[in-house]
Every structure is written in C-alpha cells, then in structure tokens.
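So the structure is just underneath, and the comments pick up after that.
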Amino acid sequence: MHTYLLENRTYLQPWEPLRDDGFFNLDAVTQRLRLMEHKAANGEASHVLMRDSDEHRG
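The sequence shown begins at 1 in full-length UniProt numbering and counts up one residue at a time.
Structural data, given as structure tokens:
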C-alpha cells in the first residue's frame with residue numbers, strides 16, 4: 001500500500017484531497033491500515049483494497 005501511494009501520488013493528485021507529506025510516510029500508512037482492520041473487525045466499516053498483481057506489494 002505504501003509503495004502504491006508513493007508511485008501514484010502525482011497521478012492521483014487531481015482526484016485526491018490535498019495531502020501533506022506526512023500522509024505518505026510508512027508509519028501513517030500503517031496506522032491507517034490498522035485502523036481499517038480494527039473497524040472491519042468490529043463491524044464498523046467494510047474496506048475494499050484491490051491490486052492487479054504481486055508487484056504492487058508494499
């Protein structure tokens with residue numbers, strides 16, 4: 001996920017809200033993923049993450 005965000009930051013910028021550099025650091029990404037996992041486990045949210053191949057792991 002971290003690699004995906006970094007590789008696509010410029011391309012996705014027109015469709016994304018303004019984000020400071022801290023949004024893209026590994027600790028921030030990890031924290032958001034843990035929160036997503038917690039909310040899903042508690043039935044508070046359902047998140048869908050898609051990838052097209054193993055090359056996008058990060």
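Even glycine gets a Cβ: it sits at the ideal position worked out from N, Cα and C.
Model, not experiment: these values are computed from the prediction.
query, result
"Would you give the residue range spanned by the alpha helix (DSSP H) that Gln31 belongs to?", "26 to 41"
"In whole angstroms, what separates the C-alpha of Lys39 from that of Ser46?", "8 Å"
"Whose C-beta lies closer than 6 Å to the C-beta of Met36 among residues of the same chain, with five residues either side of it excluded?", "His47"
"With distance defined between alpha-carbon atoms, name the residue in Arg32, Gln13, Glu16 nearest to His2.", "Arg32"
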